[in-house]
Amino acid sequence: MKVRLRHPWLRRKNKNSRANAIDEKTGLVKVIADQENTILGAHIIGAEAGELLPLMTYAVTRKLKCDEFKDLVFAHPTLGENLWETMGEIARFSIHI
20 MKVRLRHPWL RRKNKNSRAN AIDEKTGLVK VIADQENTIL GAHIIGAEAG
70 ELLPLMTYAV TRKLKCDEFK DLVFAHPTLG ENLWETMGEI ARFSIHI
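Numbering (my numbering), first residue to last: 20 to 116.
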């Protein structure tokens with residue numbers, strides 16, 4: 020099985036407004052998806068990581084695809100935006116044009 024990995028927060032440290040506001044300089048949101056973008060799992064490390072775990076548990080158990088996150092609304096600024104951006108990198112959607 021081929022999988023796809025994306026972890027933008029690790030690569031783009033301090034690009035998240037909430038992380039900057041709370042002076043959180045380290046963190047990781049990594050999503051593991053198959054070739055059809057079905058979410059297989061995730062690694063979330065950093066401030067308030069536990070807040071995102073229920074959403075990822077739901078996504079994995081329901082076999083959601085990354086592009087199904089496109090229409091979800093994440094408040095700004097929040098660390099949850101990192102999850103949305105990670106899904107967008109896999110499914111090729113972005114709020115930044």
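Beta carbons are placed, not taken as given, at the ideal position from N, Cα and C, and that holds for glycine.
Values in this document were obtained by computation on a predicted structure and should not be read as measured data.
Distance check for residue j and residue i, CA to CA, integer angstroms please.
{"i": "Leu-72", "j": "Thr-105", "result": "15 Å"}
{"i": "Phe-88", "j": "Gly-46", "result": "21 Å"}
{"i": "Gly-107", "j": "Glu-100", "result": "10 Å"}
{"i": "Ala-78", "j": "Val-50", "result": "11 Å"}
{"i": "Ala-66", "j": "Ala-38", "result": "8 Å"}
{"i": "Val-92", "j": "Phe-112", "result": "14 Å"}
Identify the residues that DSSP records as bridge partners of residue i: which are they?
{"i": "Ala-61", "result": "Val-50"}
Judging by CA-CA distance, which residue of the options is the nearest neighbour of residue i?
{"i": "Ala-110", "options": "His-62, Ile-58 and Val-79", "result": "Ile-58"}
Is it buried or exposed for residue i, if we count other Cβ within 10 angstroms and need 16 for buried?
{"i": "Ile-63", "result": "buried"}
{"i": "Met-75", "result": "buried"}
{"i": "Val-22", "result": "exposed"}
{"i": "Leu-52", "result": "Here residue 52 is Ala; the residue named in the question, Leu, does not match the sequence. By the neighbour-count rule (16 or more Cβ atoms within 10 Å), Ala-52 is buried."}
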